[in-house]
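Undergrad:
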Amino acid sequence: MKRGMLPLNALRAFEATMRHGQMKLAAEELGVTYGAVSRQVRGLEEILGVSLFDGPRNRLTPSQAARDLQPALQDALDRIEAAVLRVQRRDKRTLDLSCLSTFAMRWLIPRLFDFREAHPGIDVRMTADDAPVDFARDCFDVAVRVGPGPWGGANVTELFADKVGPVLSLTLLEASGSVMWENLSALPILHTQTRPAAWAEWCSATGNPIPSGGQEFEHFYFMLEAATAGLGVAIAPEVLVRDDLAAGRLFAPFGFRPSGQRYVALTPDHPSDEAVAFADWLGLQSKSDASFC
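So the mapping is simple: the numbering used here equals the position in the sequence shown, first residue as 1, plus 6.
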């Protein structure tokens with residue numbers, strides 16, 4: 007079929023249906039009705055002379071022809087989208103970053119001046135989020151996440167191995183009279199809803215009894231601020247308290263142990279030049295930080 011004859015609207019409707027698994031969700035993404043998507047897909051089947059879906063409307067099963075067509079079509083549309091975004095941003099040069107909120111506040115933002123000095127023409131627009139990222143659905147250039155992986159086919163820049171351990175203020179450490187776990191576990195214990203099993207996992211790995219009770223905070227940031235203020239002992243990822251340890255605001259009497267997770271920077275299959283520059287900068291910053299740990 008010649009390029010000028012390609013049924014682009016029908017191909018978009020088919021690709022969205024394959025990606026979402028439902029015509030209803032495809033219609034929501036494309037801003038049209040369910041019926042419009044259904045008609046576009048039926049029209050595409052007539053043009054191609056093959057059946058693309060079998061089964062009832064609420065449980066579509068892609069045919070072999072659909073599975074053969076989808077990868078190349080999605081790749082082509084991803085490339086078109088990336089090219090259009092590059093042209094749109096040639097003057098604005100805006101990078102949309104999705105980042106873990108506490109990581110952004112306690113590690114990224116204090117270092118962001120370095121990126122701006124190196125790339126003064128790129129404006130970083132940040133969104134706090136920790137949900138799984140879907141670059142086909144979400145308009146992000148880079149996403150920073152923590153977890154064990156895998157990362158859904160995204161390009162991955164490794165940042166840090168996640169290591170956790172108890173931290174507390176100097177005032178509280180001196181009040182305990184000892185760095186023995188028996189003494190520290192008697193202090194107020196701080197928890198976060200972000201990682202509710204963090205204390206249990208650390209105690210299991212170190213062979214220490216799990217402390218009871220304590221105060222729970224909604225976010226890591228609140229819990230770490232409470233620890234810095236001397237309100238209790240927190241279990242924290244090392245990267246989030248790195249600057250506090252260096253400044254003497256917090257102490258880690260038992261050090262840190264790997265949690266099995268890792269911090270990564272994710273970019274789509276066809277990243278923009280801005281995304282590549284930012285992910286590379288994050289990687290270099292993480293290595294530079296590690297040399298001082």
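Glycine is no exception: its CB is placed at the ideal position from the N, C-alpha and C atoms.
#1: Compare the beta carbon distance of L246 and W157 with 8 Å and say whether it is the shorter of the two.
#2: Taking all protein chains shown into account, decide if S297 is buried (16 or more other Cβ within 10 angstroms of its Cβ) or exposed.
#3: Name the residue from K30, L176 and L36 whose alpha carbon lies nearest to the alpha carbon of A253.
#4: Please report the residue range of the alpha helix (DSSP H) in which L17 lies.
#5: Going by DSSP, what residue range makes up the beta strand (DSSP E) through V308?
#6: Taking C-alpha atoms, which residue in A19, G27, R131 and L50 lies nearest to G37?
#7: On the three-pair Cβ rule with 8 Å, is the segment 121-137 touching the segment 254-264?
#8: Would you tell me roughly how many angstroms separate the C-alpha atoms of A33 and C105, rounded to the nearest one?
#9: Can you find the residues in the same chain that come closer than 7 Å, C-beta to C-beta, to T163, ignoring five residues on each side of it along the sequence?
#10: Would you mind working out which of L83, E51, S69 and A160 sits nearest A22, comparing C-alpha positions?
#11: Tell me the start and end of each unbroken beta strand (DSSP E) in the segment 96-120 that is at least 3 residues and wholly inside, in chain order.
#12: On the three-state DSSP scale, how would you describe S297?
#13: Considering just the uninterrupted stretch of the alpha helix (DSSP H) at N189, what are its terminal residues?
#14: Closer than 6 Å by C-beta to P274: which residues in its own chain qualify, once you throw out the five before and the five after it? Chain order, please.
#15: Who are H169's beta bridge partners in DSSP?
#16: Using C-beta distances below 6 Å, list every residue in its chain close to V185, excluding the 5 sequence neighbours before and after it, in chain order.
#17: So, helix, strand or coil for I86, using DSSP?
#18: Within 10 Å of its beta-carbon, does S294 have 16 or more other beta-carbons around it, so buried, or fewer, so exposed?
#19: Does the beta-carbon distance from L50 to L79 come in below 8 Å?
#20: Is G171 buried or exposed, if buried means 16 or more other CB atoms sit within 10 Å of its CB?
#21: Determine the extent of the beta strand (DSSP E) in which A240 is found, giving its start and end residues.
#22: Can you confirm whether the segment 233-247 touches the segment 187-207 when touching is taken to mean that 3 or more C-beta pairs between the two stretches lie within less than 8 Å?
#23: Exposed or buried, what is D250 when buried is set at 16 or more other beta-carbons lying within 10 Å of its beta-carbon?
#24: Look at Q291 and R122 and say whether their C-beta atoms are less than 8 Å apart.
#25: Would you mind stating whether L190 and A233 have Cβ atoms separated by less than 8 Å?
#26: Spatial neighbours of C299 within its chain, please: C-beta separation below 6 Å, excluding the five flanking residues on both sides.
#27: Taking the alpha carbon of L256 as the point to measure from, which residue in V173, P194, T198 and S210 has its own alpha carbon closest?
#28: Where does the unbroken beta strand (DSSP E) through L196 begin, and where does it stop?
#29: Which value, in whole angstroms, describes the spacing of the CA atoms of M29 and Y40?
#30: Mapping DSSP to helix, strand and coil, what is E280?
TA: This is what the structure gives:
#1: The count along the sequence shown starts at 1 and reaches residue 246 at position 240. The count along the sequence shown starts at 1 and reaches residue 157 at position 151. Contact: no.
#2: In the sequence shown, the residue the question calls residue 297 occupies position 291. Its pLDDT being 48, under 50, S297 is placed unreliably by the model, and nothing is read from it.
#3: For the purposes of this step, residue 253 is taken as the residue at position 247 of the sequence shown. Out of K30, L176 and L36, L176 has the C-alpha closest to the C-alpha of A253.
#4: Taking the first residue of the sequence shown as 1, we reach residue 17 at position 11. Here the alpha helix (DSSP H) through L17 covers L14 to H26.
#5: Residue numbering for the chain in the displayed model covers 7 to 299; residue 308 lies beyond these limits and cannot be assessed.
#6: Locating residue 37 in the sequence shown gives position 31, where the first residue counts as 1. Out of A19, G27, R131 and L50, A19 has the C-alpha closest to the C-alpha of G37.
#7: no
#8: Residue 33 sits at position 27 when you count from the first residue of the sequence shown. Residue 105 sits at position 99 when you count from the first residue of the sequence shown. Computed Cα separation, rounded: 29 Å.
#9: Locating residue 163 in the sequence shown gives position 157, where the first residue counts as 1. Short of 7 Å from the beta carbon of T163, and not among the five residues preceding or following it, lie these beta carbons of its own chain, in chain order: V270, A271, A285, L288 and G289.
#10: Residue mapping note: residue 22 aligns to position 16 of the sequence shown, counting from 1. Nearest option by C-alpha distance: L83.
#11: 100-105
#12: Position 291 of the sequence shown, counted from the first residue, corresponds to residue 297. The predicted position of S297 is uncertain, since its pLDDT is 48 and thus under 50; a value taken from the coordinates is nonetheless stated next. Coil.
#13: On the sequence shown, residue 189 is found 183 positions in, with the first residue counted as 1. From DSSP, the alpha helix (DSSP H) with N189 extends over W187 to L190.
#14: Indexing the sequence shown from 1 puts residue 274 at position 268. Result list for P274: F141, in chain order.
#15: Looking up residue 169 in the sequence shown gives position 163. Correcting the residue identity first, residue 169 is Lys in this sequence and not His. Answer is P264.
#16: Looking up residue 185 in the sequence shown gives position 179. Contacts found: P259.
#17: On the sequence shown, position 80 is the one that residue 86 refers to. I86 falls in the helix class under three-state DSSP.
#18: Numbered from 1 along the sequence shown, position 288 holds the residue referred to as residue 294. With fewer than 16 other Cβ atoms within 10 Å, it is exposed.
#19: For the purposes of this step, residue 50 is taken as the residue at position 44 of the sequence shown. For the purposes of this step, residue 79 is taken as the residue at position 73 of the sequence shown. No, these two residues do not count as a Cβ contact at 8 Å.
#20: Position 165 of the sequence shown, counted from the first residue, corresponds to residue 171. With 16 or more other Cβ atoms within 10 Å, it is buried.
#21: Residue 240 sits at position 234 when you count from the first residue of the sequence shown. Start and end: V239 to P243.
#22: yes
#23: Residue numbering aside, residue 250 sits at position 244 when the sequence shown is read from its first letter. Buried is the call here.
#24: Translated into the one-based positions of the sequence shown, residue 291 becomes position 285. Translated into the one-based positions of the sequence shown, residue 122 becomes position 116. The answer is no: Cβ separation not under 8 Å.
#25: As a working mapping, residue 190 is identified with position 184 in the sequence shown. As a working mapping, residue 233 is identified with position 227 in the sequence shown. The answer is no: Cβ separation not under 8 Å.
#26: Numbered from its first residue, the sequence shown carries residue 299 at position 293. For C299, the predicted structure reports a pLDDT of 47, less than 50, and the residue's modelled location is therefore unreliable. The matter cannot be settled from this model.
#27: Stepping through the sequence shown from its first residue, residue 256 is reached at position 250. For L256, the nearest C-alpha among the options comes from V173.
#28: Taking the first residue of the sequence shown as 1, we reach residue 196 at position 190. I195 to T198 is the extent of the beta strand (DSSP E) around L196.
#29: Translated into positions along the sequence shown, residue 29 becomes position 23. Translated into positions along the sequence shown, residue 40 becomes position 34. If you draw a straight line from the Cα of M29 to the Cα of Y40, it is about 6 Å long.
#30: What you label residue 280 is simply residue 274 of the sequence shown in a count that begins at 1. The answer is helix: DSSP assigns E280 an H, G or I state.
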